[in-house]
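Inspection log for the structure reproduced underneath, given as structure tokens.
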């Protein structure tokens with residue numbers, strides 16, 4: 007979920023908190039039994055526990071390889087966050103630079119369809135493209 011304004015995390019659900027500044031907060035869930043990290047789940051994918059605690063993410067990750075993408079989801083990429091969970095994000099950056107292995111950081115701006123928006127951390131060269 008991506009929300010603008012003030013958001014409270016309740017019942018262990020994940021949420022993104024965007025304030026008036028350019029910072030955004032992404033909350034994931036940490037299983038209190040097996041310490042697996044996950045994003046927007048009701049049960050732990052490893053042990054099946056419902057005892058999930060909300061934790062604040064650092065907001066940095068790496069774009070991963072995507073498979074079987076529908077045309078409507080062409081700008082959604084799986085991002086492996088540093089805490090160990092994966093979230094599908096919209097990537098804000100030039101199309102030539104958005105590819106697997108590129109480091110990204112959470113970016114605060116309203117997102118279409120409630121997906122978090124990330125921005126590239128560094129400039130990516132054109133690799134000979136003109």
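Residue numbers (the working numbering): 7 to 136. The beta carbon of each residue, even a glycine, is placed where N, CA and C say it ideally should be.
Using only alpha-carbon positions, find the residue among the options that is nearest to residue i.
i           : options             : result
residue 40  : 46, 51, 30 and 47   : 51
residue 124 : 68, 90 and 73       : 68
residue 72  : 64, 62, 95 and 58   : 95
residue 64  : 87, 74, 42 and 70   : 87
residue 91  : 61, 44, 103 and 111 : 44
residue 107 : 126, 79 and 42      : 126
residue 70  : 85, 62 and 81       : 85
Taking all protein chains shown into account, decide if residue i is buried (16 or more other Cβ within 10 angstroms of its Cβ) or exposed.
i           : result
residue 35  : buried
residue 122 : buried
residue 55  : exposed
residue 83  : buried
residue 27  : Confidence in residue 27 is poor, its pLDDT being 40 and thus under 50, which makes the residue's placement unreliable; the coordinate value appears in the next sentence. So residue 27 ends up on the exposed side.
residue 48  : exposed
Throw me the rounded Cβ distance for the residue i and residue j pair, which I believe falls under 8 angstroms.
i          : j           : result
residue 38 : residue 66  : That belief does not hold up - the Cβ atoms of residue 38 and residue 66 are roughly 24 angstroms apart, past 8 angstroms.
residue 30 : residue 113 : 7 angstroms
How about residue i and residue j: do their beta carbons lie closer than 7 angstroms?
i          : j           : result
residue 97 : residue 104 : yes
Quick one: is the Cβ of residue i within less than 6 angstroms of any heavy atom of the ligand MG?
i          : result
residue 71 : No copy of the ligand MG occurs in the structure displayed, which carries no ligand at all.
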